[in-house]
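Residue numbers (the numbering used here), protein chains in the order written: chain A, 14 to 749; chain B, 14 to 749.
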């Protein structure tokens, strides 16, 4: 019955978001020009999302038909695809729908809050923070609210309305995770291409060739650039974190079911635990959000303190509350799982701190990187790549320790459960660690998502010709956002790695279920026999060449994916460059400020490019694991998932940190160091920043989604791969 | 008795090399100024190697003492390190010694051949090719000659003089592989840092700031730059390929022993097979080398044809000869192993072709990359990184297919051996594939190593103020070398991946041996029992978190290693920049050509920097697997090795191809395309080339050595890790 707290918390989060949104809408929007500019941005962003959603709708339709045929085929017996249940196609659909909705609401409020933030900054920095942070909270609570809503609906529907067993229910719910991840990948990739193409294109012609400042209204790509912040950094991030949040919860639910198969009481507790942690997390995030308030002083340090007060409060209290939740739901003898959760939380915090150290210009690495600009663009590029590659060390060690700790505590250390294999409950511990990391997403996302709003506000202030101090204030908000965002990134990357590992375990569990049903064994009572068949059939050892080849293929995927998305940004930016150059040449009076640029054309161009370019990388995530499965079977898929998780984790950190450090090295020089803005060092730093743009805002964050989507796709198509794959045919042929 | 062909072939190769060297020395050295310049280069290179070898000697001394203590401790019983035998310290030493010697001889002849090549180019292109290619052959045959010599000496010594068993003999021989790899890593990293620091430093001040052409004698770093070609591209490459050659042979010998444990006849055949393939390869390489001759026409295409005639002849004939060798040594029923060898050979050829496609300016990818220079340095950097990341796809697929084919053919497909587990003989098949790839190293290395000689000849021609057509001819030779080198790179990278996989298998075999001796079991007759204990003790499944964490750590190592080496190049180049700037400022008359630069200071500076900077990355390869083993035990080490092999393979290809493509995009523009030399596109391309320098000549090729050295270190320290590691202590504590 505890479960019913979930829809309640979900509704509460959504109401909280609506209330915050209403508060923002009450604020004045500013001067006529601000209203006009904001209207243009809003229009562009809506047009983009509309087009993106119609493109993605086509993809979802195709998948729906494909999954439908598989379900139909299984039922009528003309196909053998072992689909989890007939609800799979619909679950897939709602996952995508809610993920898209999270992005949509986030973007809606962000495009209404940008001019209001700029306007509030005309009064004081503090007022600006309040509006921007409110917009961030709307996004944060929309994501967690919709996430818990989707989970509630499906859980209640499958379990109570359609009477599915717990195991089938949780397995089926992974399908809506797959829908959410697919949507998130499209949103992140498409939005990331849009925003960086507009940014790079605007900079290359505007700043470098025409010599006009950033956000100058004479630049034809300036509206597109501001639209990009909303569709990439807001809508993309919303869909992305919806996927992470839901993914961590459903994977731990699924692992609880298989770990505690033989202990029904514990099983229910294990399934409910991640949900209740999320519920408490929502409550604490709300309190934390309310705590973010300052006096009327405008000191930046105090603002940071105010933000940190909110996030620290939620993190510390959830760390304490989880202890009692585990005690209550799993019993004192299983208190080890609490330490699994705690190790996840700590790992997230540590990676966040380290991310800040590696990329903030307050610390040595980025300062040193800025120094390399003295010898030109080549050395700052080499330095940034080296910095990014070096920065994987600490996160790998932290995640490594967290994984082993979460597994050990879950798998027998203070949590010995008779009849439960240590390995299964240990893997559940790893999944719980990810849940711990993301439990207070409501508030961490709020501190993350207000940055792009402030960024946009700055653009509007510039374009509307507001006083210089307004821009200064929005810049202060923006840079504050960069600091708090580092922590958010730590949680996002760390949880992605842990959830991906949990999902690999969920994949092998799914294979075991299929074995059980193929051999007419009862999964809960005859588990040992199932395990025996599994071990005899599959050799998951690293020494098995099939696993190794899968590992190579998996390790390759993030590289290919990054290459595709970077090339996409390059091509799309090239198109913008040509268009902006054309407008400067053909529209007379544009440079003098007497004629207006054709902003809409640049927006349309970015939209079209992003839509076209996002298709191939996104399909890669669907096709690669299925194709590998059909060729190399289950062993190859497990290798692929492990390889993709390891390299994906590394590449995501490398790209995010290299990009972040280049960005901040440029800002450090712009702040007056090493010759300041306009000097040759600054020029070199701008090259670094431009290279870093697709690193940190397109390729890097998408990889986090990729590694989870690969596992979910593998789980959904597990039956198909098991029924048919080439390597088994070869083996059948030569092993008599 | 067939074994005695090995020392015979070894001596023949060395005599061939000496004869070729004598032929080169007979050629005239050119004008007085050429003699003087060449003398300076030679002096600088010798000084560097002397310093490098004394630095490395210290490392070898420390390792010798460490291994000595371990051997002594095992014998007296006060330590339990399970060292393979008392010969380990000495074997380690000779491996390093011969590897260093290969580099030394290669460099000696290269620094005598450079001015002679330049002088020959004054007559004709064809004559120049002959001298340069002879120098390359000296290096090629020295490497294979010394490699087979070292193998012969140790094999005969251990087996016949000291009466060790076959198993102990081959295991002990892996130690000299470790010595060779350590030396190679030092040589590649140190030489790579030297050459790129000098190159980047000379370019940044000379070309960019002072505006003087490349190889201009007024540039104080110009001699250091030319010394760099010799110590990096020649001495480094020699040590590197010595390591690859020896590594592939000894790993397949070791795997033959364990695979055919129960069939003594086959066991001997399996051990001898890789050696005899190498013997035939030496013979064919000699014939191939002799075939490289042209008429007096100077058409570049015909020269390429002449070179290809030599390599193609050797490759095709070895592909045929191997069939009969397998038939003769392993019998008709095991002819499957021939197809293992063939799949390795084919994979090497395919990766070589693809490398050329991806990086040569005759094809689309590099042409497109050159196009991205139009929008400045940032876009060509993004484009090159994307090109490099994209270029991993084909090699991964090719190696994946080769691994599965070699394993399948070796493990039962046309090679079913009663009593031999398919997995063991399949892994031997993978090792043979690497041997196949490297069998004709004598000639492939010759076509690879003559490039730097031609490069140096060009530098001398420039500095000595020879006629413009001489420089044109040396440039033609140099660019020809780039084309043939692509094939060489394919073999080097492909064989590294296959050998690394074979060495992982050798590692688990070593653990099994240790288990056998600890349980007083006879490894050859009670293999099944040993396997049983192994399977019960270790869970090598990818689903085991210890393996997974090891995988993450291993995957991380190439990233960290690349970061270290790139930073080293950056720091060392910075020091050169400061020194060159100082000389331009302080030496009056330098720019006017009336005073001479202090070349020696730049050489000394590069030497010191390279020596200092090579220590940490090289130690990483020794310390990381031992430390991981002491913490995570055998399971962690296996994960580490698999992860490092997969990511290392990917990063090595990515970095080599990105660097190669940037280099050729720059050359493409210099050839008059896209605005030609000096234009803004060219400037952007120079930035790309500078970033690519440490990619392709320092970090990339060193990673190939790294992944093998990690396995060899693990094998040598296997006993220590088995006797003591933290994770077993934890397990003992909580698993009652």
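Quick reminder that beta carbons are idealized off the backbone N, C-alpha and C, glycines included.
Mind checking if residue 556 of chain A is an interface residue toward chain B, Cβ cutoff 8 angstroms exclusive? Along the first chain, read from residue 1 onward, the residue named residue 556 of chain A stands at position 543. Residue 556 of chain A counts as touching chain B.
Could you confirm whether any beta carbon from chain A is found closer than 8 angstroms to the beta carbon of residue 496 of chain B? As a first step, residue 496 of chain B must be located in the second chain, where it is residue number 483. By this cut-off, residue 496 of chain B is not an interface position.
Using the DSSP secondary-structure output, state which residues sit across from residue 554 of chain B in a beta bridge. On the second chain, residue 554 of chain B is found 541 positions in, with the first residue counted as 1. Answer by DSSP bridge pairing, in chain order: A/554.
Give the secondary structure of residue 539 of chain A by DSSP, where H, G and I count as helix, E and B as strand, and everything else as coil. Walking along the first chain from the start, residue 539 of chain A turns up at place 526. If DSSP states are grouped into helix, strand and coil, residue 539 of chain A belongs with coil.
Can you tell which of A/737, A/367, A/552 and A/619 has the C-alpha that lies nearest to the C-alpha of residue 669 of chain A? As a position in the first chain, residue 669 of chain A is number 656, starting the count at 1. Ranking A/737, A/367, A/552 and A/619 by Cα distance to residue 669 of chain A puts A/367 first.
Neighbourhood of residue 65 of chain B by C-beta distance below 6 angstroms, restricted to the same chain and skipping five residues each side: Within the second chain, numbered from 1, the residue matching residue 65 of chain B stands at position 52. The residues are 203.
Listed in chain order, which residues of the stretch 172 to 202 of chain A have Cβ atoms closer than 8 angstroms to some Cβ of chain B? none
Among residues of its own chain, excluding the 5 on either side of residue 324 of chain A, which ones have a beta-carbon nearer than 8 angstroms to its beta-carbon? Along the first chain, read from residue 1 onward, the residue named residue 324 of chain A stands at position 311. Excluding residues within five positions, the ones whose Cβ falls inside 8 angstroms are 301, 453, 456, 457, 460, 497 and 500.
Spatial neighbours of residue 344 of chain A in its chain, beta-carbon cut-off 6 angstroms, leaving aside the 5 residues before and after: The residue you call residue 344 of chain A lines up with position 331 of the first chain. None.
Does the contact criterion of 3 or more C-beta pairs under 8 angstroms hold for the stretch 202 to 221 of chain B versus the stretch 613 to 630 of chain B? yes
Kindly list, in the order they appear in chain A, the residues whose Cβ is closer than 7 angstroms to that of residue 587 of chain B. Residue 587 of chain B sits at position 574 when you count from the first residue of the second chain. By Cβ distance, chain A contributes 388.
With a cut-off of 8 angstroms on the beta carbons, I'd call residue 536 of chain B and residue 274 of chain B a contact; round off their distance for me. Here residue 536 of chain B corresponds to residue number 523 of the second chain, with the count starting at 1. Here residue 274 of chain B corresponds to residue number 261 of the second chain, with the count starting at 1. That pair is a contact at about 7 angstroms.
Counting only beta-carbon separations shorter than 8 angstroms, does residue 127 of chain B have a partner in chain A? As a first step, residue 127 of chain B must be located in the second chain, where it is residue number 114. It does not: the Cβ of residue 127 of chain B has no partner Cβ on chain A nearer than 8 angstroms.
Identify the contact partners of residue 391 of chain A in chain B, using a Cβ-Cβ distance below 7 angstroms as the criterion. Counting from 1 along the first chain, the entry for residue 391 of chain A is found at position 378. The contacting residues are 700, 703 and 704.
State yes or no: is the beta carbon of residue 639 of chain A nearer than 8 angstroms to at least one beta carbon in chain B? Taking the first chain and counting its residues from 1, the one referred to as residue 639 of chain A is at position 626. Not one chain B Cβ lies under 8 angstroms of residue 639 of chain A.
Using only the alpha-carbon positions, how far apart do residue 479 of chain B and residue 399 of chain B sit? On the second chain, residue 479 of chain B is found 466 positions in, with the first residue counted as 1. On the second chain, residue 399 of chain B is found 386 positions in, with the first residue counted as 1. Answer to the nearest angstrom: the Cα atoms are 41 angstroms apart.
Compare the Cα-Cα distances from residue 728 of chain B to each of B/155, B/391 and B/642 and report the closest residue. Here residue 728 of chain B refers to the residue found at position 715 of the second chain. It is B/642 whose Cα lies nearest to the Cα of residue 728 of chain B.
Comparing alpha-carbon positions, which option in B/434, B/110, B/154 and B/106 lies nearest residue 122 of chain B? Taking the second chain and counting its residues from 1, the one referred to as residue 122 of chain B is at position 109. Selected option, being the one with the closest Cα: B/154.
Excluding five sequence neighbours on each side, which residues of the same chain lie with their C-beta closer than 6 angstroms to the C-beta of residue 525 of chain A? Reading the first chain from its first residue, position 512 is the one you call residue 525 of chain A. Once the five neighbours on either side are set aside, the close Cβ partners of residue 525 of chain A are 543 and 547.
Go to residue 230 of chain B, then tell me how far its alpha helix (DSSP H) extends in each direction, as first and last residue. Start at 1 with the first residue of the second chain, and residue 230 of chain B comes out as number 217. Here residue 230 of chain B belongs to no alpha helix (DSSP H), and DSSP marks it neither H nor E.
What does residue 579 of chain A reach in chain B if we use C-beta pairs closer than 7 angstroms? Your numbering for residue 579 of chain A matches position 566 in the first chain. Per Cβ cutoff of 7 angstroms: 395, 398 and 399.
Here's the rule I'm using: 16 or more other beta-carbon atoms within 10 Å means buried, otherwise exposed. How should residue 377 of chain B be labelled? Taking the first residue of the second chain as position 1, residue 377 of chain B is located at position 364. Exposed.
Please name the residue, chosen from A/16, A/126, A/725 and A/679, that lies closest to residue 292 of chain A on a Cα-to-Cα basis. Residue mapping note: residue 292 of chain A aligns to position 279 of the first chain, counting from 1. Of A/16, A/126, A/725 and A/679, the residue nearest in Cα terms is A/16.
Proximity to residue 704 of chain A [Cα-Cα], best of A/114, A/140 and A/579: The residue given as residue 704 of chain A occupies position 691 in the first chain. Checked all of A/114, A/140 and A/579; the closest Cα to residue 704 of chain A is A/579.
Using the beta-carbon of each residue, which ones in chain A are nearer than 8 angstroms to residue 707 of chain B? Residue 707 of chain B sits at position 694 when you count from the first residue of the second chain. Within 8 angstroms Cβ-Cβ: 395.
If you measure from the beta carbon of residue 677 of chain A to each beta carbon in chain B, is any gap under 8 angstroms? Position 664 of the first chain, counted from the first residue, corresponds to residue 677 of chain A. Output row for residue 677 of chain A: interface = no.
What did DSSP end up calling residue 175 of chain B once you bin it into helix, strand or coil? To locate residue 175 of chain B, count along the second chain from 1; it is residue 162. Coil at residue 175 of chain B, not helix or strand.
Using a Cβ-Cβ cut-off of less than 8 angstroms, list which residues of the stretch 411 to 422 of chain B approach chain A; keep chain order. 412, 413, 416, 417, 420 and 421
Own chain partners of residue 574 of chain B with C-beta closer than 8 angstroms, once the 5 adjacent residues on each side are dropped: The residue labelled residue 574 of chain B in the question sits at position 561 within the second chain. Closer than 8 angstroms at Cβ, skipping near neighbours: 630, 633, 634, 712, 715, 716 and 719.
C-beta neighbour in chain A for residue 632 of chain B, strict 8 angstroms: For the purposes of this step, residue 632 of chain B is taken as the residue at position 619 of the second chain. Residue 632 of chain B does not count as touching chain A.
Do you know offhand how far residue 606 of chain A's Cα is from residue 613 of chain B's? To locate residue 606 of chain A, count along the first chain from 1; it is residue 593. To locate residue 613 of chain B, count along the second chain from 1; it is residue 600. Roughly 59 angstroms between the two C-alpha positions.
Reduced DSSP category for residue 61 of chain A - H, G, I as helix; E, B as strand; rest coil: Here residue 61 of chain A refers to the residue found at position 48 of the first chain. Looking at residue 61 of chain A - three-state DSSP - the assignment turns out to be helix.
Whole-number beta carbon distance between residue 583 of chain A and residue 395 of chain B, since they are thought to touch under 8 angstroms: Reading the second chain from its first residue, position 382 is the one you call residue 395 of chain B. Reading the first chain from its first residue, position 570 is the one you call residue 583 of chain A. At roughly 5 angstroms, the Cβ-Cβ gap stays under 8 angstroms, so residue 395 of chain B and residue 583 of chain A are in contact.
Residue 433 of chain A, DSSP secondary structure in three states: Counting from 1 along the first chain, the entry for residue 433 of chain A is found at position 420. It is coil, neither helix nor strand.
Outcome for residue 1 of chain B when other beta-carbon atoms lying within 10 angstroms are tallied against a minimum of 16: For residue 1 of chain B there is no data in the structure shown, the boundaries of chain B being 14 and 749.
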